[in-house]
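The structure appears below as structure tokens.
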Amino acid sequence: MIDLTITPPLRRETVRSYVYRMLYDNIMSLHLTPGTAMSEQEVADLLKTSRTPVREAIIHLGQDRLLDILPQRGTFVSRLHTQMIREARFMRIVLEEAVMKEACVHFPQEGLKKLHQILERQQKAAGDGDKQAFFEADNAFHETVFSGCSRPHIWQTLMRASLDYSRARMLNAFLEPKNIPLSVHEDMLKAIEAHEGDKAARLVRQHMTNQETGIRKLMQLYPDYFI
């Protein structure tokens, strides 16, 4: 029997959207680990709904490549595709370096204020040992940089293409609970405020290189999670 972390439906959220969100969040947070078998009926029972919205959500997650739907065998949480992780990392380096340089030319004051607030959230999450909150703040920092440069849709596209990379980063965060880096984001913010584009771009590459080192360790520690 699978176990889900369940939160209440959002206001005016459809049953189908709710089921999709619950499964998506549990997969992305690694509460449902790669390779976990999933039953429509079990999910329907846990979420107190019929099997139809569960089936629709599973099909959607299959299209997202987060579930493997295998006829005559069952449905399983997808393993992490190493090639997709490499390509996502490449995309992030190329796009984030370019956007970070743009941010160093001009960035709205409201955006700078928000980045400072996000860093405060990260510091609190680090102090509390809250990996989920830290990871969410990490993404919020980069999303705010893209939005401040009027590139929000690029960020959204990048996130959709980086689901396995995001899961690997989450696993890496949980692997080393006492090793949460804050200095890179702090230095990025200082570079934006000082209009130092080349430095900001170097920091992006450094940030991604550190993550790549951690992900290589994960492949050795959790070989069954990767393909």
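Residue numbers (this note's numbering): 1308 to 1534.
The C-beta atom is built at its ideal place from N, Cα and C for all residues, glycine as well.
All values reported here derive from a predicted model rather than from experimental measurement.
Does the pairing of the region 1426-1441 with the region 1505-1516 give three or more beta-carbon distances under 8 Å? Two segments are said to touch when three or more pairs of C-beta atoms, one from each, lie closer than 8 Å; by this definition the region 1426-1441 does not touch the region 1505-1516.
Fully enclosed by the region 1405-1457, which beta strand (DSSP E) runs are 3 residues long or longer? None, since the region 1405-1457 contains no complete beta strand (DSSP E) of that length.
Is methionine 1329 buried or exposed, if buried means 16 or more other CB atoms sit within 10 Å of its CB? Burial of methionine 1329 is indicated by the presence of at least 16 other C-beta atoms within 10 angstroms of its C-beta.
Can you say whether phenylalanine 1397 is buried or exposed, counting buried as having 16 or more other CB atoms within 10 angstroms of its CB? Only exposed fits phenylalanine 1397, as fewer than 16 other CB atoms lie within 10 angstroms of its CB.
Between leucine 1353 and isoleucine 1309, what straight-line distance do the alpha-carbon atoms span, to the nearest angstrom? Taking the straight line from one Cα to the other gives about 9 Å.
Alpha carbon of glutamine 1416 to alpha carbon of valine 1452, nearest angstrom: Computed Cα separation, rounded: 12 Å.
Assuming contact is defined by CB atoms lying nearer than 7 Å, are alanine 1444 and leucine 1387 in contact in what I supplied? Between alanine 1444 and leucine 1387, the gap from beta carbon to beta carbon reaches 7 Å or more.
What is the DSSP secondary structure of isoleucine 1376, reduced to helix, strand or coil? Isoleucine 1376: strand per DSSP, three-state reduction.
In this structure, what does DSSP give as the bridge partners for glycine 1381? In DSSP, glycine 1381 forms a bridge with Leu1377.
Can you tell me whether arginine 1399 is buried or exposed, with buried defined as 16 or more other CB within 10 angstroms of its CB? Buried: at least 16 other Cβ atoms inside 10 Å.
Alpha carbon to alpha carbon, what distance is there between glycine 1418 and arginine 1523? Spanning the two alpha carbons is a distance of roughly 34 Å.
Quick one: is isoleucine 1499 buried, meaning 16 or more other Cβ sit within 10 Å of its Cβ, or exposed? Around the beta carbon of isoleucine 1499, 16 or more other beta carbons sit within 10 angstroms, so the residue counts as buried.
Exposed unless 16 or more other CB atoms sit within 10 angstroms - verdict on lysine 1408: Buried, since its Cβ has 16 or more Cβ neighbours within 10 Å.
Under DSSP, the alpha helix (DSSP H) around alanine 1507 begins and ends at which residues? In the DSSP assignment, alanine 1507 falls within the alpha helix (DSSP H) that extends over 1504-1528.
So what does DSSP say about lysine 1485, is it helix, strand or coil? Unreliable placement is indicated for lysine 1485, whose pLDDT of 46 sits below 50; no coordinate value is reported for it.
Short of 7 Å in beta carbon distance, which residues of its chain neighbour histidine 1514, apart from the five on each side in sequence? Order them along the chain. Counting only Cβ-Cβ distances below 7 Å, and skipping sequence neighbours, we find Val1491.
Could you give the C-beta distance for phenylalanine 1441 and alanine 1480, rounded to a whole number, given that I count them as a contact under 8 Å? In this structure phenylalanine 1441 is in contact with alanine 1480, their Cβ atoms being roughly 7 Å apart against a cut-off of 8 Å.
Excluding sequence positions up to five away, which residues of its chain have a Cβ less than 8 Å from the Cβ of threonine 1340? Result list for threonine 1340: Val1384 and Tyr1532, in chain order.
Residues in the same chain with beta-carbon distance under 7 Å from alanine 1351, minus the five sequence neighbours each way, listed in chain order, please. If we look at alanine 1351 and ignore the five residues flanking it on each side, its Cβ neighbours are Ser1357, Arg1358 and Val1361.
Contacting residues, own chain, Cβ-Cβ under 7 Å from glycine 1521 (five flanking each side not counted): Taken in chain order, the residues that qualify are Asn1479.
Taking the alpha-carbon of glutamine 1439 as reference, which of Ser1473, Arg1467 and Arg1458 has the nearest alpha-carbon? Ranking Ser1473, Arg1467 and Arg1458 by CA distance to the CA of glutamine 1439 puts Ser1473 first.
Under 7 Å between C-beta atoms of threonine 1382 and isoleucine 1365: Less than 7 Å divides the Cβ of threonine 1382 from the Cβ of isoleucine 1365.
Anticipated Cβ contact below 8 Å, aspartate 1414 with glycine 1455, distance rounded: A small correction: the amino acid at residue 1414 is phenylalanine; aspartate does not occupy that position in the sequence shown. About 5 Å; that satisfies the 8 Å criterion.
Which of the three DSSP states, helix, strand or coil, is assigned to leucine 1353? Helix, per DSSP.
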